[in-house]
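Chemist: First, the structure itself, so that you have it in front of you.
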Amino acid sequence: MLIRRPTDEVYQAFTEPGVTSWFWFTHADRRLTPGAHVTWTWGMYGVVSRLLVKALEPNRRILIEWDLDEIPTEVEWTFDDRGVATWVEITNRGFATSDSGVKAALEAMEGFTLVLAGAKLWLERAIEPSFIIDRFPDQVAAAWKPEV
2 MLIRRPTDEV YQAFTEPGVT SWFWFTHADR RLTPGAHVTW TWGMYGVVSR LLVKALEPNR
62 RILIEWDLDE IPTEVEWTFD DRGVATWVEI TNRGFATSDS GVKAALEAME GFTLVLAGAK
122 LWLERAIEPS FIIDRFPDQV AAAWKPEV
């Protein structure tokens with residue numbers, strides 16, 4: 002996905018929870034740093050994912066292992082500086098070859114597509130996307146209230 006913002010700004014959007022929470026998860030217990038164990042929360046769904054930051058190359062690459070409590074997979078972001086824009090790719094690997102593994106891979110691909118679209122909308126237009134919460138509106142926790 003081409004995001005029309007400088008690479009350092011786009012990279013930071015994925016490493017700083019204060020930015021990422023505008024377009025993806027609702028809370029993180031810390032920013033991404035090499036070797037850190039981080040917890041991301043999607044409060045609207047009551048879902049938590051623990052992850053391990055395996056590598057950070059500022060403005061170039063992020064590599065994590067996530068869903069540590071379930072079936073871990075690797076997620077890699079790459080950032081290609083295009084001057085006034087940044088080309089971002091997300092690769093999620095390590096899925097089983099079973100039917101359930103293929104289903105999980107397809108669901109992850111859909112999810113990361115929404116994340117990239119949300120990041121683009123937030124970074125280019127400062128519009129808070131609601132893609133993540135609106136993807137499963139019938140599964141939103143009854144007690145959940147968005148922060149204002």
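In case it helps, the numbering used here puts the sequence shown at residues 2 to 149.
Ideal placement from N, C-alpha and C gives every residue a C-beta, glycine not left out.
These numbers were taken from a predicted model, which means no experiment stands behind them.
State the Cα-Cα distance for the pair I72 and S101, rounded to the nearest angstrom.
Modeler: Using only the alpha carbons, I get a separation of about 11 Å.
Chemist: Skipping 5 residues on each side, what residues in its chain have a beta carbon closer than 8 Å to that of A142?
Modeler: These residues qualify, in order along the chain: G44, M45, Y46 and G47.
Chemist: Are there 16 or more other CB atoms within 10 angstroms of the CB of W78, so buried, or fewer, so exposed?
Modeler: That one is buried.
Chemist: Count the C-beta pairs between the segment 19 to 38 and the segment 116 to 134 that are closer than 8 Å, then say yes if the count reaches three, no if not.
Modeler: As far as the Cβ criterion goes, the segment 19 to 38 touches the segment 116 to 134, which means the pair count is three or higher.
Chemist: From the DSSP output, which residues share a beta bridge with D81?
Modeler: Beta-bridge pairing links D81 to W88.
Chemist: Looking at the secondary structure, which residues open and close the alpha helix (DSSP H) in which L115 lies?
Modeler: Looking at the DSSP string, the run of the alpha helix (DSSP H) that includes L115 is D100 to R126.
Chemist: Assign I134 to one of three DSSP states: helix, strand, or coil.
Modeler: Of the three classes helix, strand and coil, the one that applies to I134 here is helix, per DSSP.
Chemist: CA-CA distance, D30 and A120?
Modeler: Computed Cα separation, rounded: 20 Å.
Chemist: Let me know the secondary structure DSSP gives E58 once reduced to three states.
Modeler: Residue state, collapsed to three classes: strand.
Chemist: As a quick exercise: from N60, D70, T92 and E66, pick the residue whose alpha carbon is nearest that of D82.
Modeler: When each option's Cα is compared against that of D82, the closest is N60.
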